[in-house]
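Q: Please read through the structure below; I'll follow up with questions.
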Amino acid sequence: MPKNSSKTYWNVKTLVFMALLVAVHLVLTRVFVIELGAYRISVGSVATILAGIWLGPAAGGVCGLAADLIGCFMKGYAVNPFITIAAILWGVLPGLAKPLFTKRKKVGKAVGIVVSIVVTAIFSSLIFTTAGLVIFQGYNFYAIIPGRLLQFAALVPIYCIATCFLYFSPLTSLVVGTVSPAVLKKKTV
């Protein structure tokens, strides 16, 4: 592909990592989950956040979309367009924010990741998901917003810690292609 080409093509490795992150998201949000009506306690969005940071905003958005659609079919839910937009944003917004923190030291990167997750959670969880629950599922906004705020306050720090932990691990080098699997194997032996 010429260097001045504006088209982006996903190679097999990128598609494999996208599929793997969608699978991780599905396991974490559909299997290892606590469902409480309008509230869902899970950490599956971390996989979509990492897809956006590692593979770019387009790949993150596709991972969020695929995970939401497949998850709806797995659980027998109808697709809620607001919640689907929220799932896409979990991958797109952190991916778009990555250039703001890429060239910084470790602390600057961690702060950038945390800020991108908080902003994404505000849009995804508090705005779009809440709107989807109110508009399409008939929940009363004033009845669910206190619980949604508690859910936000409890889950966002977990998302930040898990994402930073995984981003600063050797896994990032493997996914973005700066280290081969053979080198990682030699380091662990």
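First residue of the sequence shown? That's 218 in our numbering, and the numbers climb one at a time after it. Ideal Cβ placement from N, Cα and C applies to all residues, glycine included.
1. How would you call V263, buried or exposed, if buried means at least 16 neighbouring beta carbons within 10 angstroms?
2. Thinking C-alpha only, which one of W271, Y256, G261 and V239 is nearest L249?
3. Taking Cβ positions, are G308 and F318 nearer each other than 8 Å?
4. First and last residue of the beta strand (DSSP E) that includes L391?
5. What number of angstroms, rounded off, separates the C-alpha of T265 from the C-alpha of L253?
6. Using only CA atoms, which one of N357, S390, Y294 and L310 lies nearest to I334?
7. For M291, count the other beta carbons within 10 Å of its own beta carbon; 16 or more makes it buried, fewer makes it exposed. Which is it?
8. So, is V241 buried or exposed, given that buried needs 16 or more other C-beta atoms within 10 angstroms?
9. Going by alpha carbons, who is nearest to I344 out of I300, K322, K326 and L383?
10. Confirm, please, whether the CB-CB distance from S341 to A284 is below 8 Å.
11. Between A236, V229, K322 and I258, which lies nearest to I375 when the distance is taken from Cα to Cα?
A: Let me lay it out:
1. buried
2. A small correction: the amino acid at residue 249 is Phe; Leu does not occupy that position in the sequence shown. Considering only alpha carbons, the answer is G261.
3. no
4. Taken as a continuous stretch (DSSP letters only), L391 belongs to no beta strand (DSSP E), being part of the alpha helix (DSSP H) at P387 to V393.
5. 22 Å
6. L310
7. exposed
8. buried
9. I300
10. no
11. I258
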